[in-house]
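These notes are about the structure you will find just below.
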Amino acid sequence: MDEKRRSKDPLEGKTLEMILNELVAHYGWEDMGRAVPINCFMSNPSFASSLKFLRRTPWARAKVEDLYREMLETKED
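So the sequence shown is numbered by our numbering: it starts at 25 and just counts up by one.
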């Protein structure tokens, strides 16, 4: 009867690094660059440069978080 409350936000408890790791494992850098066309995904991609860019660029981080939500939705189907 004592159920834990769970947030409906799939980003809760996830760091940007965790999200990026899951996305790259699922899509790969090339498809990530198509989905979110930013240089750090398309030209010599690396986790370090991508995380640095995403942490200081809110619009790009929002696009990556949206892509993560979409990925989770397709996994549930």
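Cβ coordinates follow ideal geometry from the N, Cα and C atoms, glycine included.
Source: prediction; values computed, not measured.
Residue environment: L44 is assigned as buried (16 or more neighbouring CB atoms within 10 Å of its CB, all protein chains considered). DSSP places N68 in the coil class of the three-state scheme, outside both helix and strand. Taken through DSSP and simplified to helix, strand or coil, I62 comes out as coil.
Sixteen is the threshold: since fewer than 16 other Cβ atoms of the shown chains lie within 10 Å of the Cβ of M42, the residue is exposed. Only buried fits L47, as 16 or more other CB atoms lie within 10 angstroms of its CB. Taking C-alpha positions only, Y92 is separated from A49 by approximately 12 Å.
Here F71 is exposed, its C-beta having fewer than 16 other C-beta atoms within 10 Å.
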